[in-house]
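Novice: Have a look at the structure that comes next, please.
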Amino acid sequence: MSATLEKGVRVLKEVIDAPIASYFSSCVHCGICAEACLFYTETGDPKYTPIHKLEPMRRLYEQEYTLLGRLKKMVGLSKPVTDAELGEWQELVYNSCTLCGRCSAVCPVGNDIVYMVRKMREGMSASGNAPDGIKGAANRTVTIGSPMGVKLPAVKAQMKHVEEDYGIPIPLDAEGAEYMVMLSSMEIINFPEYLGAIAKIMQQAGKTWTLCSTAFEATNAGMQIGNSDLARVIVSRIVEGAERLKVKCVISPECGHAYTALRWEGANLVGRPFTFEVKHIIEVLGEFQQQGLLKTEGMETDRLTFHDPCQLARRGGVIQQQRNLMNQVAANFVEMPDAGFMNWCCGGGGGASAIEEGEELRLEAFKKKKSQLDAVKPDRLVTACANCRIVLEEGLEHYQMDIPVVGLTEMIAEHIPEKGA
Amino acid sequence: MNEMQFLTWVRGPGLDLAVSIFLLGVVWRLVEIYSLGRKKDLAAPRNVPGASGWHTVFRRSIPPEGMVKRSPVSYIGGYVFHIGLAIIVFLFVPHILFIQSVTGLSWPGLPSQFIDLVTVVTLAAMVVVLVDRINKPVKRYLSTFQDWFTWALTFLPILTGWMAVQHLLLPYTTMLALHILSVELLLVFLPFTKLFHAFTVFGSRWYNGKVNGHKGVPV
Chain A
131 MSATLEKGVR
141 VLKEVIDAPI
151 ASYFSSCVHC
161 GICAEACLFY
171 TETGDPKYTP
181 IHKLEPMRRL
191 YEQEYTLLGR
201 LKKMVGLSKP
211 VTDAELGEWQ
221 ELVYNSCTLC
231 GRCSAVCPVG
241 NDIVYMVRKM
251 REGMSASGNA
261 PDGIKGAANR
271 TVTIGSPMGV
281 KLPAVKAQMK
291 HVEEDYGIPI
301 PLDAEGAEYM
311 VMLSSMEIIN
321 FPEYLGAIAK
331 IMQQAGKTWT
341 LCSTAFEATN
351 AGMQIGNSDL
361 ARVIVSRIVE
371 GAERLKVKCV
381 ISPECGHAYT
391 ALRWEGANLV
401 GRPFTFEVKH
411 IIEVLGEFQQ
421 QGLLKTEGME
431 TDRLTFHDPC
441 QLARRGGVIQ
451 QQRNLMNQVA
461 ANFVEMPDAG
471 FMNWCCGGGG
481 GASAIEEGEE
491 LRLEAFKKKK
501 SQLDAVKPDR
511 LVTACANCRI
521 VLEEGLEHYQ
531 MDIPVVGLTE
541 MIAEHIPEKG
551 A
Chain B
3 MNEMQFLTWV
13 RGPGLDLAVS
23 IFLLGVVWRL
33 VEIYSLGRKK
43 DLAAPRNVPG
53 ASGWHTVFRR
63 SIPPEGMVKR
73 SPVSYIGGYV
83 FHIGLAIIVF
93 LFVPHILFIQ
103 SVTGLSWPGL
113 PSQFIDLVTV
123 VTLAAMVVVL
133 VDRINKPVKR
143 YLSTFQDWFT
153 WALTFLPILT
163 GWMAVQHLLL
173 PYTTMLALHI
183 LSVELLLVFL
193 PFTKLFHAFT
203 VFGSRWYNGK
213 VNGHKGVPV
């Protein structure tokens, strides 16, 4: 065990950079970050205060990178980071943090706390203290190809179904296509409508697109667990696929972390800028809408609201597009309190939904979403992240709220007139 | 040592020592922190107006929507005592005269009755903030010895300065010497405690604004 702790400590030392040193030096223990975290607001337990989730890393920073801390360590006055402590912190760094980034948006001294949690997970993972649920998902992604164990034949079967249902061919490995479309396992298994929606939208827009046989899975549990080596393997597949097919743009599916992994972490993981663009499907739809390539007919008339996935909005900068798209097809679109940049997380992002033992806490934290929904009482809830969607459905069921959850891309596609009809 | 000797010491060697430790400490800490550097971000940036390090340095001085309601004492108490402190330190005429004697720089001050008022309000705000730290579960949970110690380090110079001006409790000379001594203690500890946020707050906000600004997110 000591060997892995050693590795964890080494990794933690490596990831501490000037921003982290500055953040730890700036914290005044005001506790305002707690007020932004749904795991604190819904439980009232101060241990869920975001900055506290980093305590072992802060001590290590002090002991290794500050003069006084080094002196204290030399004379034996400092408490070393232990394996047991990191084990105890697992709940704080994973189960009760979805990397939603609300804390980073409110800290008065400007600390980017979620940036630090992401880095702390590197040390947790290297020391063997990551939760089994995400570990399993990460390993399956590397060995099998997807976190849910989906392989190419399953994708091909899905393609065939969609081709039959929609009468539109689904291109696979089409070299030189403008867009390479990525999927998440969740979509392959639970939400097959997504692929059909893409086919309809692309056909109407007159764009060339393709799936890739060597890179169809966009989710990256390696990033969620905090293992950059695994995350790099997963991202590299996509980079190789995109470069082999010479596509201009890779489209991240309705999945928040897939987008962050590919759009913001991808180039840094592989160590060079991409030769292609990365866009979230909502960004692409927003562009089609602006260019007049997205023509829809009819409107949804029931009361709809939109749940902003954290990684798309606050962490990804895509906020207005989904609203413009909603307005194109929804006559009765209402916003929840705090919608947009400061929307509250579903409670299961950042890999948290893969942690079985975190379920109870997750449902407790869902009370925040419940209160947002209670404020506007929608008939249906629209979102643009398959993981949010599953977590929302679980929470809604638990609290016996009869609100169906739909994906925005599919809803848009339903309003695209049948070709030749 | 009688009170005059005490005053002479704190004004002379004591001050020199404290200011030296402060200046060296600040430079050391800044180098220690910022020389760690950071990796270049290789992701293609998304440029959005208002999303940059500098924007966040300023924007973070204003509470995000709804947050004052959630933590009123931290925000209101925090504003009052920070602004009060700045007014007392930089706009009380004897302080300006002192700064002039050391640096040659001078600017107009505020009437001493006004400074009196500001001082009382600042002291009161600090007491309220302290009570909040004791009462509020999150703040109490986060608090370590340093939080109580740095509160005292900040409170004592204001209290002793006010008491000296008001001729309370102790002879003026003694109280003035205690005031200067308390300021010296504050200077000595500032670089090595959370009080150093007075410097790093700008770097922290800038990094946060820069990292998120790269993604086109104004934070």
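Protein sequence lines, in the order shown, are assigned to chains A and B. Numbering follows the working numbering, with no gaps: position 334 of the first sequence is 464. Numbering follows the working numbering, with no gaps: position 159 of the second sequence is 161. Using N, Cα and C, we set each Cβ at its ideal position, and we do this for glycine too. This structure is a prediction, so every number in the text was calculated from the model and none was measured.
Quick check on the burial criterion: 16 or more other C-beta atoms within 10 angstroms. Buried or exposed for Leu-161/B?
Specialist: As a position in the second sequence, residue 161/B is number 159, starting the count at 1. Flag for Leu-161/B reads buried.
Novice: Would Glu-165/A pass as an interface residue toward chain B - the criterion being a Cβ-Cβ separation below 8 Å?
Specialist: The residue labelled residue 165/A in the question sits at position 35 within the first sequence. It does; some Cβ of chain B falls within 8 Å.
Novice: Ordered along the chain, which non-local residues of its own chain (more than five positions away) have a Cβ less than 7 Å from that of Ile-224/B?
Specialist: The first residue shown for chain B is 3 and the last is 221, placing residue 224/B beyond what the model contains.
Novice: Using 10 angstroms around the beta-carbon of Ala-388/A, count the other beta-carbons present and answer buried if the total reaches 16, otherwise exposed.
Specialist: Counted from its first residue, the first sequence places residue 388/A at position 258. It counts as buried.
Novice: Taking C-alpha atoms, which residue in Leu-197/A, Asn-398/A, Lys-177/A lies nearest to Arg-2/B?
Specialist: Absent from the structure is residue 2/B, since the part of chain B shown begins at 3 and ends at 221.
Novice: Using 10 angstroms around the beta-carbon of Arg-402/A, count the other beta-carbons present and answer buried if the total reaches 16, otherwise exposed.
Specialist: For the purposes of this step, residue 402/A is taken as the residue at position 272 of the first sequence. Per the 10 Å Cβ criterion, exposed.
Novice: Using only alpha-carbon positions, find the residue among Ala-214/A, Glu-323/A, Arg-445/A, Asp-213/A that is nearest to Tyr-296/A.
Specialist: Within the first sequence, the letter at position 166 stands for residue 296/A. Considering only alpha carbons, the answer is Glu-323/A.
Novice: Name the chain A residues that come within less than 9 Å of Trp-153/B, Cβ to Cβ?
Specialist: Taking the second sequence and counting its residues from 1, one reaches residue 153/B at position 151. None at all; the shortest Cβ gap to chain A is about 10 Å.
Novice: What's the C-alpha gap between Ala-59/B and Met-69/B?
Specialist: Position 57 of the second sequence holds residue 59/B. Position 67 of the second sequence holds residue 69/B. One point to set straight first is that residue 59/B is Val, not Ala, in the sequence displayed. C-alpha separation (whole angstroms): 18 Å.
Novice: According to DSSP, is Ala-551/A part of a helix, a strand, or is it coil?
Specialist: Within the first sequence, numbered from 1, the residue matching residue 551/A stands at position 421. Only weak support exists for where Ala-551/A lies, its pLDDT of 47 falling under 50; the coordinates are left without a value.
Novice: Answer yes or no: do Ala-443/A and Phe-406/A have a C-beta to C-beta separation smaller than 8 Å?
Specialist: Here residue 443/A refers to the residue found at position 313 when the first sequence is read from its first residue. Here residue 406/A refers to the residue found at position 276 when the first sequence is read from its first residue. Not a contact, by the Cβ cut-off of 8 Å.
Novice: Pull the bridge partners of Glu-323/A from the DSSP assignment, please.
Specialist: Numbered from 1 along the first sequence, position 193 holds the residue referred to as residue 323/A. DSSP, once it has assigned bridges, lists no residue as partnering Glu-323/A.
Novice: Can you tell me whether DSSP reads Lys-381/A as helix, strand or coil?
Specialist: Against the first sequence, residue 381/A aligns to sequence position 251. First, the amino acid is wrong: residue 381/A is Ile here, not Lys. Reduced to three states, the DSSP call for Ile-381/A is strand.
Novice: Using alpha carbons as the reference points, say which of Ala-166/B, Leu-180/B, His-181/B lies closest to Tyr-174/B.
Specialist: Working through the second sequence from its first residue, we reach residue 174/B at position 172. The shortest Cα separation from Tyr-174/B among Ala-166/B, Leu-180/B, His-181/B belongs to Ala-166/B.
Novice: Name, please, each residue of chain E whose Cβ falls closer than 8 Å to the Cβ of Met-69/B.
Specialist: No chain E appears in the structure shown, which is made up of the protein chains A and B.
Novice: I want to see whether chain A comes within less than 8 Å of Gly-39/B, judged by CB atoms only; does it?
Specialist: Position 37 of the second sequence, counted from the start, is the residue given in the question as residue 39/B. Answer yes: the Cβ-Cβ gap between Gly-39/B and chain A drops below 8 Å somewhere.
Novice: I'd like to know whether the C-beta atoms of Gly-231/A and Cys-440/A end up nearer to each other than 8 Å.
Specialist: Counted from its first residue, the first sequence places residue 231/A at position 101. Counted from its first residue, the first sequence places residue 440/A at position 310. Yes, the Cβ-Cβ distance between Gly-231/A and Cys-440/A is below 8 Å.
Novice: Mind listing the chain A neighbours of Trp-30/B? Cutoff is C-beta to C-beta under 7 Å, in chain order.
Specialist: Taking the first residue of the second sequence as 1, we reach residue 30/B at position 28. Neighbours of Trp-30/B on chain A, chain order: Leu-197.
Novice: Any idea what DSSP makes of Glu-136/A, helix, strand or coil?
Specialist: Counting from 1 along the first sequence, the entry for residue 136/A is found at position 6. The answer is helix: DSSP assigns Glu-136/A an H, G or I state.
Novice: Determine the chain A residues that contact Asn-137/B at a beta-carbon separation under 9 Å, and present them in chain order.
Specialist: Stepping through the second sequence from its first residue, residue 137/B is reached at position 135. Neighbours of Asn-137/B on chain A: none; closest Cβ ~12 Å, over 9 Å.
Novice: Helix, strand or coil for Arg-510/A? Go by DSSP, reduced to three states.
Specialist: In the first sequence, the residue the question calls residue 510/A occupies position 380. Looking at Arg-510/A - three-state DSSP - the assignment turns out to be strand.
Novice: Starting from the beta carbon of Thr-202/B, find every residue of chain A whose beta carbon is closer than 7 Å, and list them in chain order.
Specialist: The residue labelled residue 202/B in the question sits at position 200 within the second sequence. Per Cβ cutoff of 7 Å: Ser-152, Ser-155, Ser-156.
Novice: Taking the C-alpha atoms as reference points, what is the distance between Lys-183/A and Gly-352/A?
Specialist: Residue 183/A sits at position 53 when you count from the first residue of the first sequence. Residue 352/A sits at position 222 when you count from the first residue of the first sequence. Each residue's alpha carbon lies about 20 Å from the other.
Novice: Looking only at its own chain, which residues have a Cβ that is under 7 Å from the Cβ of Val-536/A, when we skip the five neighbours before and after it?
Specialist: Locating residue 536/A in the first sequence gives position 406, where the first residue counts as 1. Closer than 7 Å at Cβ, skipping near neighbours: Arg-510, Val-512.
Novice: By the three-class DSSP mapping on this structure, what secondary structure does Met-310/A have?
Specialist: Mapped onto the first sequence, residue 310/A falls at position 180. In this structure, Met-310/A counts as strand in the three-state DSSP scheme.
Novice: For a contact meaning CB atoms closer than 7 Å, what does Ser-184/B contact in chain A?
Specialist: Counting from one through the second sequence, the residue named residue 184/B turns up at place 182. Within 7 Å Cβ-Cβ: nothing; Ser-184/B doesn't reach chain A, min ~20 Å.
Novice: Could you list which residues in chain B have their beta carbon closer than 8 Å to that of Val-369/A, in chain order?
Specialist: Your numbering for residue 369/A matches position 239 in the first sequence. Per Cβ cutoff of 8 Å: no residues; Val-369/A is ~12 Å from chain B at best.
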